[in-house]
Structures are given as structure tokens and as C-alpha cells.
Amino acid sequence: MPKYINIIFALMPIYQVTTKYRKSVNGIRIEPGMSVQVVTKSLSNPVCTNGGQSVIDAFYRIYGIDIKLAGCLNTIDLRVDRIG
233 MPKYINIIFA LMPIYQVTTK YRKSVNGIRI EPGMSVQVVT KSLSNPVCTN
283 GGQSVIDAFY RIYGIDIKLA GCLNTIDLRV DRIG
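See below:
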């Protein structure tokens, strides 16, 4: 594998975003422990970067819910761990 590809992957961290609390808002039910993995180009928290769009997309793709519409797109309701 060429060196530049290894550098690109090293700069794209993987985050695991997990819900902390049970919540039912706007007909959307959130359960604690719902989890998605997000790969970002940024080294900062994906919930706060670019309006959390990567997290919104991941929850919609995996669970079919709009985490922003449920009012859970914040660091109080979501735990963010860097796993890679």
C-alpha cells in the first residue's frame, strides 16, 4: 500500500456515537445504547462538526430515525468515543 494512502487513513478518525437516554419526541423513540460508527475527515467531535450531518446520516441509515428532529443531536444525549 502506498505511503500516502496510509497517511489519509490516519487522518480520518472513526467515532462511535451512542445514545445515553430514553426519549420519545415528535413520534421518534430513542433508546439508550443505540449506536453508530462515523468516519470523519475532521479530528474534532462529529456531533459539533458540520452541523452533525455525518451523525444524522448514520442514524438515519442504520435506524431510520432523524436524530436532529428528535432533539438528540447534542453532547448531553450522545456519548462520542474515538475508536480509531
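Read in order, the letters of the sequence shown correspond to residues 233 to 316 in this note's numbering. C-beta atoms are modelled at their ideal positions from N, C-alpha and C, and glycine is treated no differently.
* Please report the Cβ distance between Val268 and Ile246, rounded to the nearest whole angstrom; I am assuming they are in contact, meaning their Cβ atoms lie under 8 Å. => Within the sequence shown, residue 268 is the residue found at index 36, counting from 1. Within the sequence shown, residue 246 is the residue found at index 14, counting from 1. Actually they do not touch by this definition, with Cβ atoms about 11 Å apart.
* **Thr311 versus Thr250: straight-line alpha-carbon distance, rounded** => Working through the sequence shown from its first residue, we reach residue 311 at position 79. Working through the sequence shown from its first residue, we reach residue 250 at position 18. First, the residue type needs correcting, since residue 311 is Arg and not Thr in the sequence shown. Note on geometry: alpha-carbon atoms of Arg311 and Thr250 lie some 5 Å from one another.
* Give the range of the alpha helix (DSSP H) segment to which Val287 is assigned. => Position 55 of the sequence shown, counted from the first residue, corresponds to residue 287. 285-295 is the extent of the alpha helix (DSSP H) around Val287.
* Asked: Thr281 by DSSP, collapsed to three states: which one?
  -> As a first step, residue 281 must be located in the sequence shown, where it is residue number 49. It is helical.
* Asked: Measuring CB to CB, does Gly284 end up less than 8 Å from Lys300?
  -> The residue given as residue 284 occupies position 52 in the sequence shown. The residue given as residue 300 occupies position 68 in the sequence shown. Yes.
* **C-alpha gap between Lys273 and Arg314, whole angstroms** => For this step, residue 273 is matched to residue 41 along the sequence shown. For this step, residue 314 is matched to residue 82 along the sequence shown. Near 13 Å, if we compare the C-alpha coordinates of Arg314 and Lys273.
* To do: Check each candidate in Met244, Arg261, Val287 and name the one with the smallest Cα separation from Ala302.
  => As a position in the sequence shown, residue 302 is number 70, starting the count at 1. Here the closest residue by C-alpha is Arg261.
* Asked: Alpha carbon to alpha carbon, how far is Phe248 from Thr307?
  -> Here residue 248 refers to the residue found at position 16 of the sequence shown. Here residue 307 refers to the residue found at position 75 of the sequence shown. Note that residue 248 corresponds to Gln in the displayed sequence, not to Phe. Approximately 13 Å between the Cα atoms of the pair.
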